[in-house]
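Residue numbers (this note's numbering), protein chains in the order written: chain A, 20 to 311; chain B, 25 to 393; chain C, 29 to 260. Idealized CB from N, CA, C, for every residue including glycine. This report refers to the structure that appears directly beneath it.
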Amino acid sequence: MTKFIDLTLNGISTGAIYAAVALALVLIWRSTRIVNFAQGSMLMFTTFIASAVISSGGSYVLGFVVALASGFVLGAVVERVIVRPVEGAPPLNPVILTLGLYTLIVAIAGMIWGNTPRSFPAAFSLRGYKVGGTTLLFTPNDTFIVLIVIAVAVGLAFLFRATSLGLRMRGAAFAPEVARLLGVRVGRMLTLGWALAATVGSLAGVLVAPSVFLGPNSFDPILIIGFVAAVLGGLDSPPGAVVGGLVLGLATSYVSGYEGASLVPLAALAILVIVLMIRPTGLFSATKERRV
Amino acid sequence: MTARVLGVVRGSTLLRSLAIVVVAGVVLILVTNSVSSYRNLQIAYGAYYFCVLAGLTVLAGASGQISLGQGAFMAVGAYAFAKLNAAPLAWSVFPSLVGAVAAAVLIGIPVGVAASRLRGPYLAGATLAFAVGLPALADKFQTFLGGENGLVVNPPTAPSWLGANFSLERWEAWVACAGALVVVFVLYNLIHSAVGRSWRAVRDDEIAASLAGLRVGRRQALAFTISAGCAGLGGGLLAAVTQLASPGAFPLQLSLTLLAGVVIGGLGSLFGALWGAILLVLLPNWTTDLANSFSLSGNVSHNLPIAIYGLVLVGAMLVWPSGIQGGLRAIAHGVGPAIRSRRGPPASAPPAPEDTDAAKDEEVKASQP
Amino acid sequence: MLTIELLTTDYGPVRAVDGVSFEVPESSVTAVLGANGAGKTSLLRTITGLVRPSAGTVKLAGEDITRLPVEEIVRRGMAHVPEGRGVIAELTVAENLRLGGLWRGREAAPLSEIYELFPRLEERSGQPASRLSGGERQMLSIGRALVGRPRALLLDEPSLGLAPVLVAQIMAMVRRLADTLGLAVLLVEQNARSALSIANRGVVLNLGRVVAEQDPDKLIADDRLLHAYLGF
Chain A
20 MTKFIDLTLN GISTGAIYAA VALALVLIWR STRIVNFAQG SMLMFTTFIA
70 SAVISSGGSY VLGFVVALAS GFVLGAVVER VIVRPVEGAP PLNPVILTLG
120 LYTLIVAIAG MIWGNTPRSF PAAFSLRGYK VGGTTLLFTP NDTFIVLIVI
170 AVAVGLAFLF RATSLGLRMR GAAFAPEVAR LLGVRVGRML TLGWALAATV
220 GSLAGVLVAP SVFLGPNSFD PILIIGFVAA VLGGLDSPPG AVVGGLVLGL
270 ATSYVSGYEG ASLVPLAALA ILVIVLMIRP TGLFSATKER RV
Chain B
25 MTARVLGVVR GSTLLRSLAI VVVAGVVLIL VTNSVSSYRN LQIAYGAYYF
75 CVLAGLTVLA GASGQISLGQ GAFMAVGAYA FAKLNAAPLA WSVFPSLVGA
125 VAAAVLIGIP VGVAASRLRG PYLAGATLAF AVGLPALADK FQTFLGGENG
175 LVVNPPTAPS WLGANFSLER WEAWVACAGA LVVVFVLYNL IHSAVGRSWR
225 AVRDDEIAAS LAGLRVGRRQ ALAFTISAGC AGLGGGLLAA VTQLASPGAF
275 PLQLSLTLLA GVVIGGLGSL FGALWGAILL VLLPNWTTDL ANSFSLSGNV
325 SHNLPIAIYG LVLVGAMLVW PSGIQGGLRA IAHGVGPAIR SRRGPPASAP
375 PAPEDTDAAK DEEVKASQP
Chain C
29 MLTIELLTTD YGPVRAVDGV SFEVPESSVT AVLGANGAGK TSLLRTITGL
79 VRPSAGTVKL AGEDITRLPV EEIVRRGMAH VPEGRGVIAE LTVAENLRLG
129 GLWRGREAAP LSEIYELFPR LEERSGQPAS RLSGGERQML SIGRALVGRP
179 RALLLDEPSL GLAPVLVAQI MAMVRRLADT LGLAVLLVEQ NARSALSIAN
229 RGVVLNLGRV VAEQDPDKLI ADDRLLHAYL GF
């Protein structure tokens with residue numbers, strides 16, 4: 020029974036991280052109709068930058084802020100320079116492009132920092148809470164993770180629903196040509212969308228790095244599971260991303276605990292296939308997918 | 025007399041493909057005879073890459089789908105080969121290779137059926153998950169699949185009638201090239217057949233194709249399964265040539281590297297697959313030499329090939345979607361590169377099939393189920 | 029207010045707009061007429077900046093806006109109500125309206141003004157725009173264009189798909205807007221009669237070229253012209 024509770028708690032905290040990654044993917048999908056397969060490598064890269072800052076004497080907070088800021092910049096630059104030319108192209112092109120970008124970023128990270136994984140500090144204590152006589156598999160750091168992801172999700176919801184900027188971004192995402200006719204600078208909105216998404220992704224990177232050890236390829240499974248979470252919730256739906264992340268966090272936690280970590284990617288694949296067969300637009304999507 | 029023969033050969037796809045295979049076979053026999061063992065080994069590597077790339081390029085270019093799971097199918101083929109080739113079954117090389125293909129096809133069928141219902145990024149994501157998830161199974165079944173260390177394969181022995189001095193590397197090159205030639209024969213005939221035309225009809229306009237009566241899902245499942253079989257053959261050959269089938273040989277990066285190989289050669293073209301295979305074999309050597317001559321660090325030289333693959337993929341989408349083969353074809357025809365997609369921004373559609381097939385494609389759209 | 033000079037637009041080898049010139053003064057309605065494919069929509073899209081012209085100029089209040097991007101042209105006071113209304117289905121009525129005026133900031137028209145013109149929109153202000161009927165969408169689209177307090181208003185086939193009663197209402201509304209707000213209105217229409225009924229000036233296009241530029245009464249009276257180019 021304690022194992023089940025432990026796995027559930029663990030699932031909630033990893034679920035929060037998957038939710039953040041899924042949110043990043045959803046933000047980009049909503050603004051540019053592209054799945055950013057490079058997301059995992061981008062958040063790896065910004066986490067490495069944070070690691071470099073911390074190793075050379077900076078505080079954790081400084082590293083954290085630098086990670087988010089560099090994520091913002093990286094997202095904006097990538098959209099403007101590399102992705103802009105393929106927006107509007109047949110769907111295969113951005114897929115290959117973002118996969119290529121993923122490969123390139125992983126290689127550059129390897130060139131700069133080497134391929135041996137290194138450790139990354141956590142924000143708060145990694146010692147589990149003591150309840151009664153037992154130690155739970157849930158730490159103060161996990162509480163921090165869950166709270167901050169919730170805060171980000173709420174913040175984004177507020178941004179989109181209640182602000183003029185959010186309205187512009189939504190208009191630009193849903194109907195770019197019409198939005199231009201209404202004076203919205205659509206290009207800037209797209210860049211902002213990517214910048215925000217990359218910032219959320221960087222957050223996920225910094226939060227997960229303590230447990231996976233930082234290396235150029237250590238975030239690969241996270242991207243895949245984050246993708247499945249986004250699809251599960253509906254690529255169009257930020258609340259869906261949060262729910263999807265939670266579901267996958269729990270599912271992978273149970274699979275890993277009862278069957279072994281090696282089955283986790285296949286479990287994620289199974290969930291993905293089931294979702295795509297039964298409800299391709301995801302659990303929360305309001306729009307009907309156009310069957311091509 | 026020769027004109028008559030050439031005319032007949034040009035007319036029949038089957039004879040043409042046989043001619044290509046025979047000529048290529050002869051050339052390969054001569055080449056492998058005259059080069060070093062190390063080169064023969066490289067030829068073997070190139071040949072099994074070619075098998076995988078050919079399948080992938082047909083899938084991507086000929087039918088418009090993308091698969092990032094070829095690494096996983098290679099793993100299936102490699103492990104199947106290893107299991108069949110070793111005790112207690114101890115099949116010899118060629119039957120084991122057939123077994124490898126069969127295993128890959130067996131798994132390819134359900135995956136292909138599922139994949140045929142997916143599009144664009146969904147298909148890419150699902151096949152990515154497959155590529156990461158399947159090799160991880162080796163850890164789960166430690167005893168049967170050898171876990172992290174994988175399964176050891178005995179080196180293939182050349183038949184005695186070739187002589188006692190026939191080097192191992194040369195025999196490996198022959199085996200691998202035989203596999204590659206089979207792939208060429210099969211795919212060439214498929215591409216130039218009604219099946220190939222229906223694939224291209226689906227690639228060019230799915231809605232029109234299905235309105236014309238083509239069973240889109242089935243066509244795409246078939247293309248997927250065939251590419252899985254090719255990848256399985258490639259994997260089986262990899263196991264034979266490297267004498268090892270382990271999860272470490274099939275990381276996520278492999279599937280992306282294969283994608284780069286196909287993109288740089290030009291999607292949809294068998295010749296493109298050849299360029300891609302050559303590049304995949306030679307690039308790591310070139311970059312190591314380059315890194316040494318510039319005294320670059322180990323980190324840089326280790327990651328340089330991967331960086332180049334990334335640049336190829338990004339660059340191709342931005343600048344040169346047709347790849348090498350498309351570029352050559354464009355030069356040959358004297359026209360500008362890339363076919364303009366009628367959906368708007370230009371330079372993003374895969375290169376068109378040969379001219380004779382373009383006309384037939386139109387027939388297919390108008391008639392076939 | 030709006031001056032078009034020798035405007036030419038090519039889609040590859042096809043010349044959609046061929047040396048078109050005319051003016052649209054303030055407080056007036058200029059109707060651009062022609063059969064399907066005559067180049068009316070291409071002309072409008074070129075003026076708004078969605079398509080780049082190969083030659084010619086577009087001037088708004090004396091400023092050359094020909095090469096500006098769409099968003100900047102709109103921000104100079106030219107509003108475009110696109111063909112098919114261009115209502116953003118995923119946003120509510122109120123959000124659609126607000127979006128139209130965001131670029132204007134404080135000087136945008138308050139939504140209450142728009143609701144006064146189109147009471148029906150106020151009833152539905154919180155609903156997603158996907159729920160509106162064709163006529164309501166047309167009202168939303170025009171209202172949204174007005175929130176930014178434009179100087180020039182371009183309408184692309186507003187009567188499309190609407191019942192005759194609604195068409196008459198919309199046309200009357202457009203005339204009123206031109207008069208009360210001093211707008212320079214460019215009205216592209218296939219429904220020549222209803223357009224000419226409110227227009228100060230009529231321009232007939234055929235194959236991208238202006239074949240007639242007249243007072244509406246003279247155009248209506250010219251049977252030969254109407255039959256040849258406008259199909260009735």
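Note to self: Are the CB atoms of Leu-161 (chain B) and Ser-275 (chain A) within a distance shorter than 8 Å?
What the structure shows: It is not a contact, given that the beta carbons lie outside the stated cut-off.
Check: What residues in the stretch 53 to 71 of chain C bring their beta carbon closer than 9 Å to a beta carbon of chain A?
Finding: Cβ contacts with chain A come from no residue of the stretch 53 to 71 of chain C.
Note to self: Here's the rule I'm using: 16 or more other beta-carbon atoms within 10 Å means buried, otherwise exposed. How should Ala-102 (chain B) be labelled?
What the structure shows: Answer is buried; the Cβ neighbour count reaches 16.
Checklist line | Integer-rounded CB distance, given that Ala-57 (chain A) should sit under 8 Å from Thr-117 (chain A) | finding: In this structure, Thr-117 (chain A) and Ala-57 (chain A) form a Cβ contact; the two beta carbons are roughly 5 Å apart against a cut-off of 8 Å.
Check: According to DSSP, is Asp-250 (chain C) helix, strand or coil?
Finding: Here DSSP, grouped into helix, strand and coil, assigns Asp-250 (chain C) to coil.
Note to self: I'd like the list of long-range same chain contacts for Leu-77 (chain B), defined as Cβ closer than 6 Å, with 5 residues on each side in sequence excluded.
What the structure shows: Result list for Leu-77 (chain B): Gly-285, Val-286, Ala-297, Gly-300, Ala-301, in chain order.
Next item on the list: Keeping to the same chain, check which residues put their C-beta closer than 7 Å to that of Leu-303 (chain B); ignore five residues upstream and five downstream.
Entry: Apart from the 5 residues on each side of it in sequence, Leu-303 (chain B) sits with its Cβ closer than 7 Å to the Cβ of Gly-285, Ile-288 in its chain, given in chain order.
Checklist line | Close-in-space but distant-in-sequence residues of the same chain around Val-45 (chain B) (CB under 7 Å, 5 per side omitted) | finding: Leu-205, Val-208, Phe-209, listed in sequence order.
Item checked: Whole-angstrom C-beta distance between Leu-209 (chain A) and Thr-51 (chain A), which should lie under 8 Å -> Correct: roughly 6 Å between the Cβ atoms.
Note to self: Within 8 Å of any Cβ in chain A, is that where the Cβ of Gly-360 (chain B) sits?
What the structure shows: For Gly-360 (chain B), the pLDDT reaches just 32, beneath the cut-off of 50, and the residue's location in the model is therefore unreliable, although a value from the coordinates is still provided. For Gly-360 (chain B), the closest Cβ of chain A is not nearer than 8 Å.
Notebook entry, point to check: Whose Cβ in chain A lies nearer than 8 Å to the Cβ of Ile-116 (chain C)?
Noted result: For a Cβ distance threshold of 8 Å, residue set Gly-190, Phe-193, Ala-194, Val-197, Ala-198 of chain A lies close to Ile-116 (chain C), ordered along the chain.
Margin query: Can you look up Ala-212 (chain C) in the DSSP assignment and give me helix, strand or coil?
Written below: Ala-212 (chain C): strand per DSSP, three-state reduction.
Note to self: Out of A:Gly-30, A:Asp-161, A:Pro-113, which one is the CA nearest neighbour of Val-225 (chain A)?
What the structure shows: Of the listed residues, the one whose Cα sits closest to Val-225 (chain A) is A:Asp-161.
Note to self: Less than 8 Å between the C-beta atoms of Ala-39 (chain A) and Val-205 (chain A), yes or no?
What the structure shows: No, Cβ-Cβ distance for Ala-39 (chain A) and Val-205 (chain A) is not below 8 Å.
Check: What's the gap between the Cα of Ile-35 (chain A) and the Cα of Val-173 (chain A)?
Finding: Reading the sequence as shown, one finds Ala at residue 35 (chain A) and not Ile. Near 13 Å, if we compare the C-alpha coordinates of Val-173 (chain A) and Ala-35 (chain A).
Margin query: Once the 5 residues before and after Thr-74 (chain C) are set aside, which same chain residues still bring their CB inside 7 Å of it?
Written below: Listed in chain order, the non-local C-beta contacts of Thr-74 (chain C) below 7 Å within the same chain comprise Leu-35, Thr-37, Val-45, Pro-81, local neighbours out to five positions each way being set aside.
Next item on the list: Measure the C-alpha to C-alpha separation of Leu-200 (chain A) and Arg-126 (chain C) and round it to an integer number of angstroms.
Entry: Taking the straight line from one Cα to the other gives about 14 Å.
Check: Looking at the C-beta of Gly-264 (chain A), does it have a partner C-beta in chain C at a distance below 8 Å?
Finding: So, not an interface residue.
Next item on the list: Drop a sphere of 10 angstroms on the beta-carbon of Ser-78 (chain A), count the other beta-carbons inside from all chains shown, and report buried for 16 or more, exposed for fewer.
Entry: Burial call: exposed.
Next item on the list: Can you check DSSP and say which residues form a bridge with Thr-85 (chain C)?
Entry: DSSP links Thr-85 (chain C) through a beta bridge to C:Glu-33.
Next item on the list: Starting from Gly-128 (chain C), find everything on chain A with Cβ-Cβ shorter than 7 Å and list it in chain order.
Entry: Those within 7 Å of Gly-128 (chain C) in chain A are Leu-201.
Notebook entry, point to check: What residue from B:Pro-180, B:Arg-242, B:Leu-262 has the CA that sits closest to Arg-141 (chain B)'s CA?
Noted result: Taking only the C-alpha atoms, the option nearest Arg-141 (chain B) is B:Arg-242.
Margin query: Quick check: is the beta carbon of Thr-300 (chain A) nearer than 8 Å to any beta carbon in chain C?
Written below: By this cut-off, Thr-300 (chain A) is not an interface position.
Next item on the list: Return yes when the Cβ of Val-197 (chain A) is within less than 8 Å of the Cβ of Pro-192 (chain C), no when it is not.
Entry: Not a contact, by the Cβ cut-off of 8 Å.
Check: At a CB-CB cut-off below 7 Å, which residues of chain A make contact with Arg-152 (chain C)?
Finding: Here the premise fails: no neighbours, minimum Cβ distance about 18 Å.
Item checked: Backbone secondary structure at Glu-118 (chain C) - three-state DSSP -> Glu-118 (chain C) falls in the coil class under three-state DSSP.
Next item on the list: Out of A:Leu-291, A:Val-294, A:Ala-270, state which residue places its alpha-carbon closest to the alpha-carbon of Arg-23 (chain A).
Entry: The question names Arg, but residue 23 (chain A) is Phe in the sequence shown. Nearest of A:Leu-291, A:Val-294, A:Ala-270 to Phe-23 (chain A), Cα basis: A:Ala-270.
Checklist line | Alpha-carbon spacing of Gly-105 (chain C) relative to Leu-46 (chain A), whole angstroms | finding: Distance from the CA of Gly-105 (chain C) to the CA of Leu-46 (chain A), rounded to the nearest whole angstrom, comes to 31 Å.
Item checked: Same chain only: Cβ atoms within 7 Å of Ala-287 (chain A), ignoring 5 sequence neighbours per side -> Correct list, in chain order: Ile-243, Ile-244, Val-247, Leu-267, Thr-271.
Check: Between the stretch 126 to 135 of chain B and the stretch 239 to 259 of chain B, do three or more beta carbon pairs fall short of 8 Å?
Finding: Of all C-beta pairs linking the stretch 126 to 135 of chain B to the stretch 239 to 259 of chain B, three or more are shorter than 8 Å, placing the two stretches in contact.
Note to self: Quick check on the DSSP output: the alpha helix (DSSP H) that includes Gln-66 (chain B) runs from which residue to which?
What the structure shows: Where Gln-66 (chain B) is concerned, the enclosing alpha helix (DSSP H) stretches over 61 to 81.
Margin query: Applying the 10 Å Cβ sphere with the 16-neighbour rule, what's the burial state of Gly-40 (chain C)?
Written below: Gly-40 (chain C) should be labelled exposed.
Check: Roughly how many whole angstroms lie between the Cα atoms of Pro-180 (chain B) and Glu-193 (chain B)?
Finding: Rounded to the nearest angstrom, the gap between the Cα atoms of Pro-180 (chain B) and Glu-193 (chain B) is 10 Å.
Notebook entry, point to check: How would you list, in chain order, the residues of chain A whose beta-carbon sits under 8 Å from the beta-carbon of Leu-119 (chain C)?
Noted result: Near Leu-119 (chain C) (Cβ distances below 8 Å), the residues of chain A are Leu-186, Arg-189, Gly-190, Phe-193.
Note to self: Between C:Asp-207, C:Gln-166, C:Val-175, which has its C-alpha nearest Arg-195 (chain C)'s C-alpha?
What the structure shows: The sequence given here places Val at residue 195 (chain C); Arg does not occur at that position. With distances taken between CA atoms, Val-195 (chain C) lies nearest to C:Gln-166 out of C:Asp-207, C:Gln-166, C:Val-175.
Note to self: Rounded to the nearest angstrom, what separates Thr-85 (chain C) and Phe-50 (chain C) at their Cα positions?
What the structure shows: When rounded, the distance between both Cα atoms is 11 Å.
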